[in-house]
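S.K.: Here the protein sequences come in this chain order: F and R.
Position one of the first sequence corresponds to residue 1 (UniProt numbering), numbered consecutively onward.
Position one of the second sequence corresponds to residue 1 (UniProt numbering), numbered consecutively onward.
Number of protein chains: 2
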Amino acid sequence: MSGASSRPGGRPTLADVAERAGVSPGTASLALRGAAGPSAASVERVRAAASALGYRADRTASRLAARRTRLLGVTLTIRNTFHAELAEALQDAAEDAGYQVLLHPVTARRGEAGAVEVLLDSRCEALLLLGSELPSSQLAALDAHDPVVLVGRRAPGLDVVRADEAAGTALVVEHLAELGHTRLAHVSGGGSEVAHERRDGFLAAARSRGLDPLVVEGSFSEDAGAAAVAEVLAAGATGVFAANDRVAVGLLDAVRGAGPREGAALSVVGYDDSPLARLGHVRLTSVSQDPAALAAAAVRTAVERLDGGREDPVDVVLAPHLVVRGSTGRP
Amino acid sequence: MSGASSRPGGRPTLADVAERAGVSPGTASLALRGAAGPSAASVERVRAAASALGYRADRTASRLAARRTRLLGVTLTIRNTFHAELAEALQDAAEDAGYQVLLHPVTARRGEAGAVEVLLDSRCEALLLLGSELPSSQLAALDAHDPVVLVGRRAPGLDVVRADEAAGTALVVEHLAELGHTRLAHVSGGGSEVAHERRDGFLAAARSRGLDPLVVEGSFSEDAGAAAVAEVLAAGATGVFAANDRVAVGLLDAVRGAGPREGAALSVVGYDDSPLARLGHVRLTSVSQDPAALAAAAVRTAVERLDGGREDPVDVVLAPHLVVRGSTGRP
DNA sequence: TCATCTAGTACTCGTCCGCGC
DNA sequence: AGCGCGGACGAGTACTAGATG
């Protein structure tokens with residue numbers, strides 16, 4: 001009746017908590033956030049009042065009042081399992097840094113630019129773009145207003161977090177060579193930047209070991225892998241590096257179809273360490289780009305600019321690692 | 001110098017736009033939202049001012065002022081490609097309904113309950129839980145405060161949106177029977193509710209056609225499929241219904257390893273129509289739960305309660321459809 | 001007189017800041 | 001100095017009252 005809370009039905013507000021605890025809203029706010037100021041006794045009373053009322057701060061109001069949102073906007077192709085793993089890791093990394101992630105999938109209807117617009121309208125303080133396909137000019141324009149961190153794609157003058165493709169391919173060659181394979185082949189991923197880096201890295205690593213590698217041109221698809229099998233076998237290769245896991249699965253599938261004899265003789269390595277590679281019957285040796293590390297680096301990169309005042313762009317290159325499974329063995 | 005905008009550096013605010021257009025902030029707000037009130041001339045001037053200044057409304061402030069957020073909170077297991085497809089479709093469906101989706105992945109660190117907490121703190125008006133694993137009591141408690149829509153799981157007294165498992169399995173049996181298969185087998189998904197529904201649906205549909213179906217107990221994994229092949233072939237079955245696509249892929253893989261002769265004779269149907277099924281070399285016939293339709297129904301269900309005042313829970317059951325690909329044929 | 005348009009003010013809910021005790 | 005209060009503030013929206021024709 002002569003009620004404490006203004007609207008009996010709604011959620012309790014900070015004012016309700018403060019009143020119940022017998023302090024001012026300002027003090028209650030500090031107490032709940034664990035900030036310096038209130039005495040231990042006040043903190044205790046405020047906490048008790050909050051939990052008695054079931055109070056939880058309204059983040060919308062907090063963001064407005066604090067004059068900063070502590071929001072990191074993330075665009076991603078959500079069906080891409082690699083992006084999904086990154087997003088999951090970003091969530092945790094952001095939480096550790098005191099930020100909240102705002103995920104916006106790129107859909108057919110609302111493309112990447114549209115997603116960015118929504119994130120900006122929500123006043124995200126930085127943008128983490130996974131596998132962005134925006135033109136560099138547009139990225140630069142965005143970065144002029146708010147820090148942009150590109151994950152998995154390079155762009156001059158912008159913050160970039162990516163895996164070291166050359167190191168990854170070197171790991172593949174090293175692994176196959178140590179197993180005793182001397183005739184190596186690569187089924188490429190086509191004409192993209194990443195595909196080129198993997199092919200070039202493979203060739204360089206193989207040649208530095210005095211090997212004479214074969215390259216079969218392909219694309220990032222299972223079909224490319226399946227189509228390449230005949231040529232690979234004809235060339236007498238025993239170890240194959242596939243441009244990514246999908247290509248590798250296509251290869252494995254075709255090899256097994258060709259009969260157990262040849263299949264047993266071919267070692268296949270993929271790239272991405274996708275869930276595909278982990279499937280029980282695939283057990284594909286693959287290069288992992290370590291999504292958790294990439295995510296942590298991406299958050300760190302953004303926070304450095306937001307809170308650390310960094311101005312110059314960085315290019316964070318992380319070392320991938322090889323996950324050895326059953327698809328590789330001695331020749 | 002004698003500036004219009006308060007902070008030269010920051011973003012323009014509604015006040016800046018209003019001043020430039022020579023109207024009050026209230027009028028400018030209505031004009032930009034396309035709401036009734038302002039004259040056509042005012043709307044034009046406000047729009048021009050906004051675009052000249054590059055103004056975009058601050059969603060944080062709008063949500064607070066409007067006393068409602070128009071936010072739909074979604075929890076999902078983001079690595080799950082089915083969830084990812086749902087999320088993408090939810091995005092578009094929500095936009096059509098004038099809502100924004102707030103995605104929160106369930107991670108190892110922050111479980112489903114934690115994700116829900118964040119969504120609630122952000123004052124989402126409804127919760128759409130994909131594949132929730134919360135106990136019904138907790139779900140009911142949540143629903144008492146804010147509408148909860150469960151996607152893909154049943155719970156008494158709550159809004160549910162799901163695919164019709166019985167209808168899906170009937171489609172499978174019908175398809176195989178029409179192709180001429182008379183000896184059918186099922187590799188089950190184990191003890192979960194969904195797995196039971198699929199097994200029971202399959203059995204009922206097969207028996208209603210006078211067939212004597214075989215069931216091999218399994219789990220939702222490739223290994224279960226691979227392990228079941230021998231038994232399936234020994235029983236003389238020519239058509240197999242796998243509990244989901246992963247099981248189906250395991251089956252196909254093992255069958256192909258067994259040699260082209262038997263492989264050609266076995267028709268395999270999966271469930272989920274996951275990206276796995278669409279892979280070029282898999283080409284798996286599979287039951288699609290139609291993520292877009294599920295998403296649209298989920299948003300509609302939430303909006304009905306938020307804006308339509310519906311009180312009674314609904315159980316929306318959508319008909320799945322069969323996507324026929326290369327893994328099935330005549331016996 | 002009445003509908004149309006507009007301005008002004010109160011309000012959302014926390015946080016920041018200056019000041020008194 | 002430590003603690004706490006009151007009030008301004010953030011960027012919009014809702015509502016009311018009044019001006020206009």
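Every residue, glycine too, gets a C-beta built ideally from N, C-alpha and C.
Tell me, please, whether the segment 226-245 of chain R touches the segment 176-194 of chain R by the rule of three or more beta-carbon pairs shorter than 8 Å.
M.R.: Enough Cβ pairs lie closer than 8 Å, so yes.
S.K.: By DSSP's criteria, F:Thr75 is part of a beta bridge. Which residues make up the other side?
M.R.: For the purposes of this step, residue 75 of chain F is identified with residue 75 of the first sequence, where counting begins at 1. Answer is F:His104, F:Leu129, bridged to F:Thr75.
S.K.: Pull up the CB-CB distance for R:Thr60 and F:Leu64, whole angstroms please, since I reckon it's below 8 Å.
M.R.: Mapped onto the second sequence, residue 60 of chain R falls at position 60. Mapped onto the first sequence, residue 64 of chain F falls at position 64. Between F:Leu64 and R:Thr60 the Cβ distance is about 5 Å, and since that is below 8 Å, they are a contact.
S.K.: What do you reckon, are the CB atoms on R:Val323 and R:Asp273 nearer than 8 Å?
M.R.: Mapped onto the second sequence, residue 323 of chain R falls at position 323. Mapped onto the second sequence, residue 273 of chain R falls at position 273. Going by C-beta atoms, R:Val323 is nearer than 8 Å to R:Asp273.
S.K.: Taking buried to mean at least 16 other C-beta atoms within 10 Å of its own C-beta, is residue 362 of chain R buried or exposed?
M.R.: The structure shown does not extend to residue 362 of chain R, since chain R is modelled only from 1 through 331, so no value can be given for it.
S.K.: Do you know whose CA, among F:Asp143, F:Ala21, F:Arg79, F:Gly26, lies nearest F:Ser51's CA?
M.R.: For the purposes of this step, residue 51 of chain F is taken as residue 51 along the first sequence, with counting starting at 1. Minimum Cα distance to F:Ser51 is reached at F:Ala21.
S.K.: May I have the straight-line CA-CA distance separating R:Ala167 from F:Val287, to the nearest angstrom?
M.R.: The residue you call residue 167 of chain R lines up with position 167 of the second sequence. The residue you call residue 287 of chain F lines up with position 287 of the first sequence. Answer to the nearest angstrom: the Cα atoms are 42 Å apart.
S.K.: Would R:Leu64 pass as an interface residue toward chain F - the criterion being a Cβ-Cβ separation below 8 Å?
M.R.: Residue 64 of chain R sits at position 64 when you count from the first residue of the second sequence. Taking Cβ atoms only, chain F reaches closer than 8 Å to R:Leu64, which makes this a yes.
S.K.: Tell me the residue span of the alpha helix (DSSP H) that contains F:Arg207.
M.R.: Here residue 207 of chain F corresponds to residue number 207 of the first sequence, with the count starting at 1. Per DSSP, F:Arg207 belongs to the alpha helix (DSSP H) from 193-208.
S.K.: Could you work out which residue in F:Arg207, F:Asp146, F:Glu231, F:Arg154 is closest to F:Glu217 when comparing CA atoms only?
M.R.: Here the question's residue 217 of chain F lines up with position 217 in the first sequence. Per the Cα distances, F:Glu231.
S.K.: With DSSP collapsed to three states, give me the class of F:His181.
M.R.: Stepping through the first sequence from its first residue, residue 181 of chain F is reached at position 181. Three-state DSSP puts F:His181 in coil, outside helix and strand.
S.K.: Short of 7 Å Cβ to Cβ, which residues in the segment 216-229 of chain R face chain F?
M.R.: Those residues of the segment 216-229 of chain R that come within reach of chain F (Cβ to Cβ, closer than 7 Å) are Ser221, Glu222, Asp223, Ala226.
S.K.: Assign F:Gly168 to one of three DSSP states: helix, strand, or coil.
M.R.: In the first sequence, counting from the first residue as 1, residue 168 of chain F sits at position 168. Three-state result, F:Gly168: helix.
S.K.: Count the other CB atoms, across all protein chains shown, that sit within 10 Å of the CB of F:Pro12; report buried if there are 16 or more and exposed otherwise.
M.R.: Residue mapping note: residue 12 of chain F aligns to position 12 of the first sequence, counting from 1. F:Pro12 comes out buried.
S.K.: According to a CB-to-CB cut-off of less than 8 Å, which residues of the segment 109-139 of chain F neighbour chain R?
M.R.: Listed by position along the chain: Arg109, Arg110, Glu117, Val118, Leu120, Asp121, Ser122, Arg123.
S.K.: Within the continuous beta strand (DSSP E) that includes R:Pro46, where are the two ends?
M.R.: Residue mapping note: residue 46 of chain R aligns to position 46 of the second sequence, counting from 1. Rather than Pro, the amino acid found at residue 46 of chain R in this sequence is Val. Careful: R:Val46 lies outside any beta strand (DSSP E), inside the alpha helix (DSSP H) at 40-53.
S.K.: If we count the other Cβ atoms within 10 Å of its Cβ and call it buried at 16 or more, is F:Ser208 buried or exposed?
M.R.: Taking the first residue of the first sequence as 1, we reach residue 208 of chain F at position 208. F:Ser208 should be labelled exposed.
S.K.: I need the straight-line Cα distance from F:Gly263 to F:Ala254, nearest angstrom please.
M.R.: Position 263 of the first sequence holds residue 263 of chain F. Position 254 of the first sequence holds residue 254 of chain F. In this predicted model, F:Gly263 has a pLDDT of only 46, less than 50, meaning its place in the structure is not dependable enough to derive any value.
S.K.: Along chain F, which residues have their Cβ under 7 Å away from the Cβ of R:Ala84?
M.R.: Walking along the second sequence from the start, residue 84 of chain R turns up at place 84. Within chain F, the residues near R:Ala84 are Ile78, Arg79, Ala84.
S.K.: From this set, F:Ala57, F:Arg56, F:Thr27, which residue's C-alpha is nearest F:Glu44's C-alpha?
M.R.: Translated into the one-based positions of the first sequence, residue 44 of chain F becomes position 44. For the residues F:Ala57, F:Arg56, F:Thr27, the minimum Cα distance to F:Glu44 belongs to F:Thr27.
S.K.: Rounded to whole angstroms, what is the Cα-Cα separation between F:Leu103 and F:Tyr55?
M.R.: In the first sequence, the residue the question calls residue 103 of chain F occupies position 103. In the first sequence, the residue the question calls residue 55 of chain F occupies position 55. Approximately 26 Å, taken between the alpha carbons.
S.K.: In chain F, which residues lie less than 7 Å from R:Leu279 when you measure between Cβ atoms?
M.R.: In the second sequence, residue 279 of chain R corresponds to position 279, counting from 1. Result: Glu222.
S.K.: For the segment 187-216 of chain R, which residues have a beta carbon sitting closer than 7 Å to at least one beta carbon of chain F?
M.R.: Against chain F - using a Cβ distance shorter than 7 Å - the segment 187-216 of chain R contributes no residues.
S.K.: Output needed for F:Asp315: all residues of its chain with C-beta closer than 6 Å, excluding positions within five of it in sequence on either side, in chain order.
M.R.: Position 315 of the first sequence, counting from 1, holds the residue named residue 315 of chain F. Closer than 6 Å at Cβ, skipping near neighbours: Val160.
S.K.: For the beta strand (DSSP E) that R:His145 lies in, which residues bound it at each end?
M.R.: Your numbering for residue 145 of chain R matches position 145 in the second sequence. That residue, R:His145, is in no beta strand (DSSP E); its alpha helix (DSSP H) goes 136-145.
S.K.: Compare the Cα-Cα distances from R:Arg283 to each of R:Gly326, R:Val303, R:Leu306, R:Ala292 and report the closest residue.
M.R.: Position 283 of the second sequence, counted from the start, is the residue given in the question as residue 283 of chain R. Measuring from the Cα of R:Arg283, the nearest candidate turns out to be R:Gly326.
S.K.: I'd like to know whether the C-beta of R:Arg33 is nearer than 8 Å to at least one C-beta of chain F.
M.R.: The residue labelled residue 33 of chain R in the question sits at position 33 within the second sequence. So, not an interface residue.
S.K.: Compare the C-beta of R:Gln289 with all C-beta atoms of chain F and state if any pair is closer than 8 Å.
M.R.: Position 289 of the second sequence, counted from the start, is the residue given in the question as residue 289 of chain R. Judged by the 8 Å Cβ criterion, R:Gln289 is not in contact with chain F.
S.K.: Within a Cβ cutoff of 6 Å, which residues of the same chain sit near R:Gly37, ignoring the five residues on either side of it in sequence?
M.R.: Along the second sequence, one-based indexing puts residue 37 of chain R at 37. Excluding positions up to five away in sequence, the list reads Leu30.
S.K.: Can you list, in chain order, the residues of its chain with a C-beta nearer than 7 Å to that of R:Ala35? Leave out the 5 residues immediately preceding and following it.
M.R.: Looking up residue 35 of chain R in the second sequence gives position 35. Nothing meets the Cβ criterion.
S.K.: Taking the C-alpha atoms as reference points, what is the distance between F:Ala108 and F:Gly114?
M.R.: As a working mapping, residue 108 of chain F is identified with position 108 in the first sequence. As a working mapping, residue 114 of chain F is identified with position 114 in the first sequence. Cα-Cα distance, rounded: 10 Å.
S.K.: Among F:Ala248, F:Asp96, F:Pro135, whose alpha-carbon lies nearest the alpha-carbon of residue 382 of chain F?
M.R.: Since the first residue of chain F shown is 1 and the last is 331, residue 382 of chain F is not available in this structure.
S.K.: Using 10 angstroms around the beta-carbon of R:His145, count the other beta-carbons present and answer buried if the total reaches 16, otherwise exposed.
M.R.: As a working mapping, residue 145 of chain R is identified with position 145 in the second sequence. Looking at its Cβ environment, which holds fewer than 16 other Cβ atoms inside 10 Å, R:His145 is exposed.
S.K.: Please name the residue, chosen from R:Leu214, R:Ala205, R:Arg198, that lies closest to R:Phe220 on a Cα-to-Cα basis.
M.R.: Indexing the second sequence from 1 puts residue 220 of chain R at position 220. Of the listed residues, the one whose Cα sits closest to R:Phe220 is R:Arg198.
S.K.: Could you check whether F:Ala84 and R:Ala89 sit closer than 8 Å to each other, using their CB atoms as the reference points?
M.R.: Position 89 of the second sequence, counted from the first residue, corresponds to residue 89 of chain R. Position 84 of the first sequence, counted from the first residue, corresponds to residue 84 of chain F. No.
S.K.: Using 8 Å as the limit for Cβ to Cβ distance, is F:Arg47 near chain R?
M.R.: Stepping through the first sequence from its first residue, residue 47 of chain F is reached at position 47. No, no contact with chain R.
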